[in-house]
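S.K.: Protein chains in written order, with the working numbering: chain A, 2 to 288; chain B, 163 to 460.
Right, I'll just put the structure down here and ask away after.
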Amino acid sequence: MKRFFTSNRDLTQRLGFSLLTLMTLLTVIPIIGVVIYILVQGAPAISWEFITGFPRSGMRAGGILPAIIGTFYLTLGTAIFSVPLGVAAAVYLSEYAPENRLTRLIRLAIINLAGIPSVVYGLFGLGLFVLFLKFGTSVLSASLTLSIMTLPVIISTAEEALRAVPQSFRTVSISLGATRWQTIRRIVLPQALPGILTGVILGLERAAGETAPILFTGAAFFLPRLPNSPFDATMALPYHLFVISTQVPEMPIQIQYGTALVLLTFVLGMNLIATYVRSRARAKRQW
Amino acid sequence: MKKSLTWQEYVITRLIKVSGYSAIVFVALIFFFLLREGLPTLGEVSLGDLFSIRWYPIEDYFGILPLLTGSLIVTVGAGLIAVPFGIGTAIYIAEIAPRWARNILKPLVELLGGLPSVVLGFLGILVLSPILRQWLDLPTGLTAFTGSLLLGGIAIPTVVSIAEDALDAVPKAYRDAALALGATHWQTIWRVTLPAARSGVLTAVMLGVGRAIGETMTVMMVTGNAPVMALTPGSLFSPVRTMTATIAAEMGEVANGSVHYHVLFFIGMVLFLISLGVNVAASTVVFRQKKRAERILS
Numbered sequence: 002m003k004r005f006f007t008s009n010r011d012l013t014q015r016l017g018f019s020l021l022t023l024m025t026l027l028t029v030i031p032i033i034g035v036v037i038y039i040l041v042q043g044a045p046a047i048s049w050e051f052i053t054g055f056p057r058s059g060m061r062a063g064g065i066l067p068a069i070i071g072t073f074y075l076t077l078g079t080a081i082f083s084v085p086l087g088v089a090a091a092v093y094l095s096e097y098a099p100e101n102r103l104t105r106l107i108r109l110a111i112i113n114l115a116g117i118p119s120v121v122y123g124l125f126g127l128g129l130f131v132l133f134l135k136f137g138t139s140v141l142s143a144s145l146t147l148s149i150m151t152l153p154v155i156i157s158t159a160e161e162a163l164r165a166v167p168q169s170f171r172t173v174s175i176s177l178g179a180t181r182w183q184t185i186r187r188i189v190l191p192q193a194l195p196g197i198l199t200g201v202i203l204g205l206e207r208a209a210g211e212t213a214p215i216l217f218t219g220a221a222f223f224l225p226r227l228p229n230s231p232f233d234a235t236m237a238l239p240y241h242l243f244v245i246s247t248q249v250p251e252m253p254i255q256i257q258y259g260t261a262l263v264l265l266t267f268v269l270g271m272n273l274i275a276t277y278v279r280s281r282a283r284a285k286r287q288w
Numbered sequence: 163m164k165k166s167l168t169w170q171e172y173v174i175t176r177l178i179k180v181s182g183y184s185a186i187v188f189v190a191l192i193f194f195f196l197l198r199e200g201l202p203t204l205g206e207v208s209l210g211d212l213f214s215i216r217w218y219p220i221e222d223y224f225g226i227l228p229l230l231t232g233s234l235i236v237t238v239g240a241g242l243i244a245v246p247f248g249i250g251t252a253i254y255i256a257e258i259a260p261r262w263a264r265n266i267l268k269p270l271v272e273l274l275g276g277l278p279s280v281v282l283g284f285l286g287i288l289v290l291s292p293i294l295r296q297w298l299d300l301p302t303g304l305t306a307f308t309g310s311l312l313l314g315g316i317a318i319p320t321v322v323s324i325a326e327d328a329l330d331a332v333p334k335a336y337r338d339a340a341l342a343l344g345a346t347h348w349q350t351i352w353r354v355t356l357p358a359a360r361s362g363v364l365t366a367v368m369l370g371v372g373r374a375i376g377e378t379m380t381v382m383m384v385t386g387n388a389p390v391m392a393l394t395p396g397s398l399f400s401p402v403r404t405m406t407a408t409i410a411a412e413m414g415e416v417a418n419g420s421v422h423y424h425v426l427f428f429i430g431m432v433l434f435l436i437s438l439g440v441n442v443a444a445s446t447v448v449f450r451q452k453k454r455a456e457r458i459l460s
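Spelled out as C-alpha cells, the structure:
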C-alpha cells in the first residue's frame, strides 16, 4: 500500500513536470520560430539599395532609408529626454527619498505610467505636444511622447541598479569627507553604471519598436526626404511596416518581410547589447 | 571652493528631487489632457447614445459598447492563454529548470517582451490568420481569436517575469522544510511555494491582463476591425474591434475638436482609468502581502 502511494506521488510529479515542460516549450518555441521565420523570409530582400535607398513607385520598390533614419532619430530623441530625467529620478528614489506617503505615491505613479496603454500615450502626445504646445506632428513631439512612455522602465531598472551598490561603499565615502552628491557621482553611479545602461537600452528598445504613440504625434505615411529639423515629421520602421502590411495594396511581400527583418534587427540588436552589458558586469563585479 | 561646491550641490540636489517627482506630474498631466479633450463628449453625446450598441461615427452613432465588448472578449481570450502558460513557464523556470536551461529561457522570454507588437501583427496577418481560417473553416482569419492568441503571447513575458520574481522571493527554508517532511518536489511547489508566492502571482496575472487590454497595433491588424457587439463565445471567431484599435485607426482622420475627436479621447480616458484601476489594485495586493509577511516574520 505504501509503495503504491509513493509511486503514485512520483507519477503525479512526473506528469506535472512534463506538463510544465511542455507549456514552457510551447511558450518558447514560437518565439524562436518568429525570429527565424522573419530572418529566412526577410533575408532575400536585404540589399545595399534596400538599406540606403529611398522608397520608389508608391513604396512598392526601392529602399527604406527614411524609415531607418527616422527610427534612429526617434530613439536618439527619446534618449535625450528620458535618460537624464529617468536616471535622476532613480537617484532620488534610491539615495534621497524618505520612506513616506509621497514616496509611495511616486512609486504608484511609476507603476501606473508603465501600465498606461501605448495608444493613450499617443493621445496625450497629440493633446499636449502637438496641439497645446504647437510642436506639430514632428520628431520632437514623438520623441517627447516616447520619452514619457520609456521613463518608468528606465527609473525602475536604474533604481534597482543603484540599490544593489552595497551600503558600505556610501558609508566609507561619506566618512572620508565626501559630500552626498560627491558620493553619488564618484562612487554610486559608476558602480551602478552597467545596470543603468541595461535599463536604458531596454527602455529605448521598447521605444524604437512602438507604433501607437507615434501614430498621431510624428509618424509620416511617406516622405521623399529625411527630416531636416526636430519639427519635421518622419517615417519610422514600425509605422512603415504597419503601413505597407495593411494600407498599401499589392505590396510585394518581400519588401514587407525585409522591413520586418530590419526592425527586428534594430530592436533585438539593442536587446543583445543589453544582455551582454549585464552579463559582463555581473562577471566583473567585485561585490 | 568649498562654498561653490555647496552651492552646486544645492542646485543638483534640487534638480534630482524635481526629477523624482516627475512621474507624478506626468500621470497627472496625462489624466488632465485626457479629461480636457475627452469630457466635452458628455455635453455633445447623451449618455444613452454613448452606451448604445452602434458605432458608426460617419453618421454620428457613437455607441462604445461594441468596442468595450470587443476589448473584453479579446482580453479574456488572451488571459486564458497567458495566465496558464505564463505561470507554468514561471514555475518551470524558477523551480524545475536546471541552471543552464534557466540561463537560456529567461533571456528568451524577455526577447518575446521586446518583439515590437507591429511585427507580431504583421505575422498575424500573413501567417497565423490564413492558417486559422483553414483549420477552423472560417470566412475570415481576422477574428477576436487570432487577436487573443497573439495578445496572449504579448502578455506572457509580463506574467512570467513577475510570477518568477515572486516564486524566487519565497525563502528557501520553506522548500527545505517541505522536502524534509517528505513532500515530493511537485507537492512542495504546489502546496508550499506557489501558495507562498500567491500575491506576486496574482499581481503577475493582473499586470499581464492589463498589458493585454492596452495593446494596440497587434489587435488593430488582426482582429478584423468590425465594431459589432461581441456577447457570445461564438463572437470569438468573428471580427471585432477593440477600444485601442478604434482610437489608433480613427484618430488620424478626425478633425481636431469635432465630436468624433472628443469621443476618441473619451475612450482613451476609459482605457486610462481601467489601467489605473488594474495597477492600483495590483500594487495594493503586493503592499498588503508585504505587511502580512512582516507581521509573520517579526
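The beta-carbon is built from N, C-alpha and C at its ideal position, and this holds for glycine as well.
Quick one: which unbroken alpha helix (DSSP H) runs of 4-plus residues sit fully inside the stretch 118–166 of chain A? Chain order, please.
M.R.: List check, alpha helix (DSSP H) in window: 119–126 and 140–164.
S.K.: Under the criterion of a Cβ to heavy atom distance below 7 Å, does F243(A) qualify as lining the ligand COA?
M.R.: The ligand COA is absent from the structure shown, which contains no ligand whatsoever.
S.K.: Taking only beta-carbon positions, decide if T28(A) is within less than 8 Å of chain B.
M.R.: Along the first sequence, read from residue 1 onward, the residue named residue 28(A) stands at position 27. Yes, its Cβ sits closer than 8 Å to a Cβ of chain B.
S.K.: I want to see whether chain B comes within less than 8 Å of S119(A), judged by CB atoms only; does it?
M.R.: As a position in the first sequence, residue 119(A) is number 118, starting the count at 1. Cβ-Cβ to chain B under 8 Å: yes for S119(A).
S.K.: If I measure Cβ to Cβ from V203(A) and keep anything under 7 Å in the same chain, skipping five residues before and after, which residues do I get?
M.R.: Counted from its first residue, the first sequence places residue 203(A) at position 202. Sequence inspection shows Leu at residue 203(A); the Val mentioned does not correspond to that position. Here the set comprises V154, T158 and A275.
S.K.: Counting only C-beta atoms, is L274(B) closer than 8 Å to chain C at any point?
M.R.: Absent from the structure: chain C. Protein chains present are A and B.
S.K.: Taking 8 Å as the threshold (C-beta atoms), are G128(A) and T146(A) in contact?
M.R.: Here residue 146(A) refers to the residue found at position 145 when the first sequence is read from its first residue. Here residue 128(A) refers to the residue found at position 127 when the first sequence is read from its first residue. Against a cut-off of 8 Å, the Cβ pair of G128(A) and T146(A) comes out as no contact.
S.K.: Given that a residue counts as buried once 16 or more other Cβ atoms are within 10 Å of its Cβ, and exposed if not, what is W348(B)?
M.R.: Working through the second sequence from its first residue, we reach residue 348(B) at position 186. The residue in question, W348(B), is buried, as its Cβ has 16 or more Cβ neighbours within 10 Å.
S.K.: Would you tell me roughly how many angstroms separate the C-alpha atoms of F213(B) and N387(B), rounded to the nearest one?
M.R.: Locating residue 213(B) in the second sequence gives position 51, counting from the first residue. Locating residue 387(B) in the second sequence gives position 225, counting from the first residue. Answer to the nearest angstrom: the Cα atoms are 19 Å apart.
S.K.: Checking 8 Å against the spacing of the C-beta atoms, do T218(A) and L238(A) come in under that value?
M.R.: Position 217 of the first sequence, counting from 1, holds the residue named residue 218(A). Position 237 of the first sequence, counting from 1, holds the residue named residue 238(A). No.
S.K.: Taking the alpha helix (DSSP H) that D330(B) falls in, what are its first and last residues?
M.R.: Numbered from its first residue, the second sequence carries residue 330(B) at position 168. Looking at the DSSP string, the run of the alpha helix (DSSP H) that includes D330(B) is A306 to D330.
S.K.: Tell me, please, whether the CB atom of M391(B) is closer than 8 Å to any CB atom in chain A?
M.R.: One-based indexing of the second sequence puts residue 391(B) at position 229. By this cut-off, M391(B) is not an interface position.
S.K.: Contact criterion: CB-CB distance below 8 Å. Does P167(A) meet it with respect to chain B?
M.R.: Position 166 of the first sequence holds residue 167(A). Chain B, which has no Cβ nearer than 8 Å to the Cβ of P167(A), makes this no.
S.K.: Can you find a C-beta in chain B that's less than 8 Å from the C-beta of R10(A)?
M.R.: Your numbering for residue 10(A) matches position 9 in the first sequence. It does: the Cβ of R10(A) has a partner Cβ on chain B nearer than 8 Å.
S.K.: If you reduce the DSSP assignment to three classes, tell me which class F5(A) lands in.
M.R.: On the first sequence, residue 5(A) is found 4 positions in, with the first residue counted as 1. Bear in mind that a pLDDT of 49 at F5(A), under 50, signals an unreliable position, so the number given afterwards is only what the model happens to contain. It is helical.
S.K.: Checking 8 Å against the spacing of the C-beta atoms, do T385(B) and T406(B) come in under that value?
M.R.: Walking along the second sequence from the start, residue 385(B) turns up at place 223. Walking along the second sequence from the start, residue 406(B) turns up at place 244. Not closer than 8 Å, so no.
S.K.: What number of angstroms, rounded off, separates the C-alpha of T104(A) from the C-alpha of V187(B)?
M.R.: Within the first sequence, residue 104(A) is the residue found at index 103, counting from 1. Within the second sequence, residue 187(B) is the residue found at index 25, counting from 1. Distance between the alpha carbons of T104(A) and V187(B) is about 13 Å.
S.K.: Run the CB neighbour count on L264(A), radius 10 Å, all protein chains shown included, and call it buried at 16 or more, exposed below.
M.R.: The count along the first sequence starts at 1 and reaches residue 264(A) at position 263. Buried, since its Cβ has 16 or more Cβ neighbours within 10 Å.
S.K.: With distances taken between CB atoms, is the gap from E292(A) to G64(A) smaller than 8 Å?
M.R.: Given a span of 2 to 288 for chain A in the structure shown, any question on residue 292(A) remains unanswerable.
S.K.: Output, in chain order, the set of chain A residues within a Cβ distance shorter than 9 Å of F428(B).
M.R.: Locating residue 428(B) in the second sequence gives position 266, where the first residue counts as 1. Residues of chain A passing the Cβ test: none, with the nearest at roughly 10 Å.
S.K.: At a CB distance below 7 Å, what residues from the stretch 270–287 of chain A approach chain B? Give them in sequence order.
M.R.: Listed in sequence order: N272 and T276.
S.K.: Just the chain A side, please: which residues come within less than 8 Å of I186(B) by C-beta, in chain order?
M.R.: In the second sequence, the residue the question calls residue 186(B) occupies position 24. Under the 8 Å cutoff, chain A gives L106, I107 and A110.
S.K.: Quick one: which chain B residues come within Cβ less than 7 Å of P67(A)?
M.R.: Against the first sequence, residue 67(A) aligns to sequence position 66. In chain order: nothing, as chain B lies at least about 17 Å away.
S.K.: Check each candidate in L269(A), L20(A), R61(A) and I47(A) and name the one with the smallest Cα separation from P250(A).
M.R.: On the first sequence, residue 250(A) is found 249 positions in, with the first residue counted as 1. That would be R61(A), whose Cα lies nearest to the Cα of P250(A).
S.K.: Could you tell me if N265(B) is buried or exposed, where buried requires 16 or more neighbouring beta carbons within 10 angstroms of its beta carbon?
M.R.: Along the second sequence, one-based indexing puts residue 265(B) at 103. Burial call: exposed.
S.K.: DSSP beta-bridge partners for T235(A)?
M.R.: As a working mapping, residue 235(A) is identified with position 234 in the first sequence. Per DSSP, A220(A).
S.K.: What is the residue span of the alpha helix (DSSP H) that L205(A) lies within?
M.R.: On the first sequence, position 204 is the one that residue 205(A) refers to. L190 to G210 is the extent of the alpha helix (DSSP H) around L205(A).
S.K.: Got a sec: is the Cβ-Cβ distance from V207(B) to anything in chain A below 8 Å?
M.R.: Sequence index remark: in the second sequence, residue 207(B) carries index 45 (1-based). Taking Cβ atoms only, chain A never reaches closer than 8 Å to V207(B), which makes this a no.
S.K.: For V120(A), which residues from the same chain have a beta carbon less than 6 Å from its beta carbon, with the 5 sequence-adjacent residues on both sides left out?
M.R.: Residue 120(A) sits at position 119 when you count from the first residue of the first sequence. Once the five neighbours on either side are set aside, the close Cβ partners of V120(A) are A213.
S.K.: Assign F267(A) to buried or exposed, taking buried as 16 or more other Cβ atoms, counted over all protein chains shown, within 10 Å of its Cβ.
M.R.: Locating residue 267(A) in the first sequence gives position 266, where the first residue counts as 1. When all chains shown are included, F267(A) counts as buried.
S.K.: Within the same chain, show all residues whose beta-carbon is closer than 7 Å to that of T302(B), passing over the 5 residues directly before and after it, in chain order.
M.R.: Residue mapping note: residue 302(B) aligns to position 140 of the second sequence, counting from 1. These residues qualify, in order along the chain: R295, G386 and P401.
S.K.: Can you tell me whether DSSP reads A263(B) as helix, strand or coil?
M.R.: Sequence index remark: in the second sequence, residue 263(B) carries index 101 (1-based). Residue state, collapsed to three classes: helix.
S.K.: Please report the residue range of the alpha helix (DSSP H) in which R337(B) lies.
M.R.: Within the second sequence, residue 337(B) is the residue found at index 175, counting from 1. R337(B) -> alpha helix (DSSP H) spans K334 to A342.
S.K.: Could you check if S19(A) is buried or exposed, using at least 16 other CB atoms within 10 Å of its CB as the buried criterion?
M.R.: Translated into positions along the first sequence, residue 19(A) becomes position 18. Looking at its Cβ environment, which holds fewer than 16 other Cβ atoms inside 10 Å, S19(A) is exposed.
S.K.: What residues from chain A crowd round R264(B), counting only those whose CB sits closer than 7 Å?
M.R.: Along the second sequence, one-based indexing puts residue 264(B) at 102. The contacting residues do not exist; R264(B) stays about 11 Å from chain A at best.
S.K.: Check whether the Cβ of R437(B) lies closer than 8 Å to any Cβ atom in chain A.
M.R.: Counting from 1 along the second sequence, the entry for residue 437(B) is found at position 275. The identity of residue 437(B) in the sequence shown is Ser, whereas the question assumes Arg. Output row for S437(B): interface = yes.
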